[in-house]
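To keep things clear, I will list the structure first and then write my remarks on it.
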Amino acid sequence: ETGVTQTPRHLVMGMTNKKSLKCEQHLGHNAMYWYKQSAKKPLELMFVYSLEERVENNSVPSRFSPECPNSSHLFLHLHTLQPEDSALYLCASSARQGGITDTQYFGPGTRLTVL
Amino acid sequence: DQQVKQNSPSLSVQEGRISILNCDYTNSMFDYFLWYKKYPAEGPTFLISISSIKDKNEDGRFTVFLNKSAKHLSLHIVPSQPGDSAVYFCAANTGNQFYFGTGTSLTVIP
Chain A
1 ETGVTQTPRH LVMGMTNKKS LKCEQHLGHN AMYWYKQSAK KPLELMFVYS
51 LEERVENNSV PSRFSPECPN SSHLFLHLHT LQPEDSALYL CASSARQGGI
101 TDTQYFGPGT RLTVL
Chain B
1001 DQQVKQNSPS LSVQEGRISI LNCDYTNSMF DYFLWYKKYP AEGPTFLISI
1051 SSIKDKNEDG RFTVFLNKSA KHLSLHIVPS QPGDSAVYFC AANTGNQFYF
1101 GTGTSLTVIP
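Sequences listed follow chains A and B, in order.
The first sequence begins at 1 in this note's numbering and counts up one residue at a time.
The second sequence begins at 1001 in this note's numbering and counts up one residue at a time.
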């Protein structure tokens, strides 16, 4: 399998549930990202991992907890979410070889609905 | 406050004509700009990029123009094809941060 994959593609959860989103990249990249896309809003960068270390955490509520066990896998653990957290969650990866150019490649996203 | 703006939510163009998608940004520290294309139920797909040291980059039917003094970016598609119908996002990068616009939905009419 090539590119960036995400599972599940769709998730419906209650506010008291705990669930996890999974992302896997098969591109040999060393940086991975989580984004949130809400309706009629730009993509919001949530977390950045570079060489398995978190390098950015853009004021994301603690009910979202990322985990990067290795450079190919990224998880987003969810607990006690709110209905306003319903959105498309996109994972991306990039080569991050230094310099100023760094192109991200996206997975298909997980459509999350919080009831 | 949005640092990358796409002020046209939608655009319709006749097949064979030029499509011009526009993007404005506010942060002069951005050093790399990208365009992504997104079909429904898929993630964004990288299309073309440009470094801040250039003012034009061309790849087949796609050309990106950068006007740093105006903080303006545009994507030209010539000739437009029905398969180009999608949502186009512009993005800007500095350091670890990437900022995206809200997207422009392009419809190419056969």
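Built from N, CA and C at the ideal position, the CB exists for glycine as well.
Check the Cβ of residue i against every Cβ in chain B and list those closer than 9 Å, keeping chain order.
{"i": "Gln82/A", "result": "Neighbours of Gln82/A on chain B: none; closest Cβ ~22 Å, over 9 Å."}
{"i": "Pro8/A", "result": "In chain order: nothing, as chain B lies at least about 13 Å away."}
{"i": "Met108/A", "result": "One point to set straight first is that residue 108/A is Pro, not Met, in the sequence displayed. Ordered by position in chain B, the residues that pass the 9 Å Cβ test against Pro108/A are Ala1041, Glu1042 and Gly1043."}
Using only alpha-carbon positions, find the residue among the options that is nearest to residue i.
{"i": "Thr1094/B", "options": "Gly1016/B, Gln1002/B and Ser1028/B", "result": "Ser1028/B"}
{"i": "Glu1058/B", "options": "Gln1014/B, Lys1071/B and Leu1047/B", "result": "Leu1047/B"}
{"i": "Val55/A", "options": "Arg63/A, Leu45/A and Pro61/A", "result": "Leu45/A"}
{"i": "Val48/A", "options": "Lys41/A, Asn57/A, Lys40/A and Pro42/A", "result": "Asn57/A"}
{"i": "Tyr1032/B", "options": "Ile1050/B, Asp1024/B and Gly1016/B", "result": "Ile1050/B"}
{"i": "Lys41/A", "options": "Asn1096/B, Ala1041/B and Gln1003/B", "result": "Gln1003/B"}
{"i": "Asn70/A", "options": "Leu21/A, Gly107/A, Met15/A and Gly28/A", "result": "Gly28/A"}
{"i": "Asn1096/B", "options": "Glu53/A, Lys22/A, Cys23/A and Thr5/A", "result": "Glu53/A"}
{"i": "Gly3/A", "options": "Cys91/A, Ala39/A and Asp102/A", "result": "Cys91/A"}
Just to confirm before moving on: does the CB-CB distance between residue i and residue j stay below 7 Å?
{"i": "Phe1098/B", "j": "Phe1089/B", "result": "no"}
{"i": "Val1087/B", "j": "Leu1075/B", "result": "no"}
{"i": "His81/A", "j": "Val114/A", "result": "Reading off the sequence, residue 81/A comes out as Leu, not His. Cβ distance < 7 Å, so Leu81/A and Val114/A count as in contact."}
{"i": "Ser1105/B", "j": "Ser1010/B", "result": "yes"}
{"i": "Ile1109/B", "j": "Gln1014/B", "result": "yes"}
{"i": "Thr5/A", "j": "Gly107/A", "result": "yes"}
Along chain B, in chain order, which residues have C-beta atoms closer than 7 Å to that of residue i?
{"i": "Leu90/A", "result": "Gly1043"}
Going along chain B in order, which residues have a C-beta closer than 8 Å to the C-beta of residue i?
{"i": "Thr103/A", "result": "Leu1034, Phe1046 and Ser1049"}
{"i": "Leu76/A", "result": "The contacting residues do not exist; Leu76/A stays about 15 Å from chain B at best."}
So residue i and residue j are supposed to be a Cβ contact under 8 Å. How far apart are they, rounded?
{"i": "Tyr89/A", "j": "Trp34/A", "result": "7 Å"}
{"i": "Met32/A", "j": "Ser93/A", "result": "5 Å"}
{"i": "Glu24/A", "j": "His79/A", "result": "The Cβ separation is near 22 Å, so there is no contact."}
Against residue i, what residues of chain A qualify as contacts under a CB-to-CB distance less than 7 Å, listed in chain order?
{"i": "Gly1101/B", "result": "Pro42"}
{"i": "Phe1098/B", "result": "Leu45 and Gln104"}
{"i": "Asn1093/B", "result": "Asp102"}
In terms of DSSP beta bridges, what is residue i paired with?
{"i": "Pro66/A", "result": "Leu76/A"}
{"i": "Asn1096/B", "result": "DSSP, once it has assigned bridges, lists no residue as partnering Asn1096/B."}
{"i": "Ala92/A", "result": "Tyr33/A and Phe106/A"}
{"i": "Lys19/A", "result": "Leu78/A"}
Report the neighbours of residue i on chain A: residues whose CB is nearer than 9 Å to its CB, in chain order.
{"i": "Val1004/B", "result": "Pro42"}
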